[in-house]
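Participant:
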Amino acid sequence: MIYLGIDPSFTKTGAVYIDTEERTIKFVCVSPPGSNVNYKMMINRSAFISIELIEHLCLNKDTKLVIEEPLVRSLKASTLGILSATTAWAFVSIASVKEMYSINPSYVNSLHTVLAKQLNLGKKQTSKYVAGEIVKYFEESKGYKVIVHNDKKLRDGTMKKRVLSHDEAEAFILALTLMRLDNSLSTEDLGAIYTINPKFARVVSLNRFK
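So in this note's numbering, spot 129 of the sequence shown is number 381, and the numbers just go up one at a time.
1) Report the option in 424, 435 and 407 whose CA atom is closest to the CA atom of residue 278.
2) Straight-line CA distance for residue 362 to residue 335?
3) Do three or more CB pairs link the region 414 to 429 to the region 382 to 395 at distances below 8 Å?
4) Which runs of the alpha helix (DSSP H) spanning at least 4 residues fall entirely within the region 308 to 385, listed in chain order?
5) Does the structure place the region 446 to 462 close enough to the region 344 to 361 that three or more beta carbon pairs sit under 8 Å?
6) Mark residue 431 as exposed unless 16 or more other C-beta atoms lie within 10 angstroms of its C-beta, in which case mark it buried.
7) Since residue 269 is in the beta strand (DSSP E), which residue starts that stretch and which ends it?
8) Tell whether a beta-carbon distance below 8 Å holds between residue 314 and residue 348.
9) For residue 271, I'd like the list of residues in its chain whose CB is within less than 6 Å of its CB, leaving aside the five on either flank, ordered along the chain.
10) Just mark residue 266 as buried or exposed, buried being the case when its beta carbon has 16 or more other beta carbons within 10 Å.
11) Does residue 255 come out as helix, strand or coil in the three-state DSSP assignment?
12) Could you give the distance in angstroms between the alpha-carbon of residue 433 and the alpha-carbon of residue 407?
13) By Cβ distance, which residues of its chain are closer than 8 Å to residue 339, with the 5 residues on each side in sequence left out?
14) From which residue to which residue does the beta strand (DSSP E) around residue 424 run?
15) With distance defined between alpha-carbon atoms, name the residue in 398, 276, 440 and 436 nearest to residue 416.
16) With 16 other CB atoms within 10 Å as the buried threshold, where does residue 326 fall?
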């Protein structure tokens, strides 16, 4: 099974897929060229993001996807509704994507409120910290291979290493939440995750639309 998390943003859309059979976690971020100067550019940039995600995310197995809903509080923020809708519809038609869910945009922030104060970090930095610690657990204790995709290459052709963006970190947190609700995490996994941030145990609901 593949669990896919997407955090849509015109600045940098973050995505992750977690292949529980191959024990692989791959992170991808997409920054579209140009800017939303008009409606046509907005649509074109949304399409660019969707195409790039599909190209880089291996979807050859049964997949369950969760995407963050847009928080529409201003005209500028409402553009995320177009991006989210375009991205969601791009994946709806893929046969291997069996289930799709959306989640409230306030979820990740509320998840890290207490921990951010304890660590004296901003919420975005806290997301990166939490994601990094959980990735380390999957890598060291569960034997997962972690890939952080980068279009930039070294002279020998290998990918240049880079740090996770907070968008990718939050996409990872969304995917883990879907895995938890799908009973795909072991008691050991949950114990390790709750140790990093006990708020992961909170009750949360997803909205299924496929």
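Just so you know, even glycine gets a beta-carbon here, dropped at the ideal spot from N, CA and C. Note that the structure is a prediction, hence the values are computed from the model and not measured.
Facilitator: The short version:
1) The sequence position of residue 278 within the sequence shown is 26, counting from 1. The shortest C-alpha separation from residue 278 is found at 424.
2) Locating residue 362 in the sequence shown gives position 110, counting from the first residue. Locating residue 335 in the sequence shown gives position 83, counting from the first residue. Cα to Cα, the separation comes out at about 23 Å.
3) yes
4) 327 to 344 and 359 to 371
5) yes
6) To locate residue 431, count along the sequence shown from 1; it is residue 179. Burial call: buried.
7) On the sequence shown, position 17 is the one that residue 269 refers to. Looking at the DSSP string, the run of the beta strand (DSSP E) that includes residue 269 is 265 to 271.
8) For the purposes of this step, residue 314 is taken as residue 62 along the sequence shown, with counting starting at 1. For the purposes of this step, residue 348 is taken as residue 96 along the sequence shown, with counting starting at 1. It is a contact, given that the beta carbons lie within the stated cut-off.
9) Looking up residue 271 in the sequence shown gives position 19. Counting only Cβ-Cβ distances below 6 Å, and skipping sequence neighbours, we find 254.
10) As a position in the sequence shown, residue 266 is number 14, starting the count at 1. It counts as buried.
11) If you number the sequence shown from 1, residue 255 lands on position 3. Here residue 255 sits in strand by DSSP.
12) On the sequence shown, position 181 is the one that residue 433 refers to. On the sequence shown, position 155 is the one that residue 407 refers to. Distance between the alpha carbons of residue 433 and residue 407: 43 Å.
13) Numbered from its first residue, the sequence shown carries residue 339 at position 87. Contacts found: 258, 260, 265, 298, 301, 302, 305 and 319.
14) Here residue 424 corresponds to residue number 172 of the sequence shown, with the count starting at 1. Careful: residue 424 lies outside any beta strand (DSSP E), inside the alpha helix (DSSP H) at 418 to 433.
15) Reading the sequence shown from its first residue, position 164 is the one you call residue 416. Measuring from the Cα of residue 416, the nearest candidate turns out to be 398.
16) Position 74 of the sequence shown, counted from the start, is the residue given in the question as residue 326. Caution applies to residue 326, whose pLDDT of 49 falls short of 50 and renders its modelled position unreliable; the model cannot decide the point.
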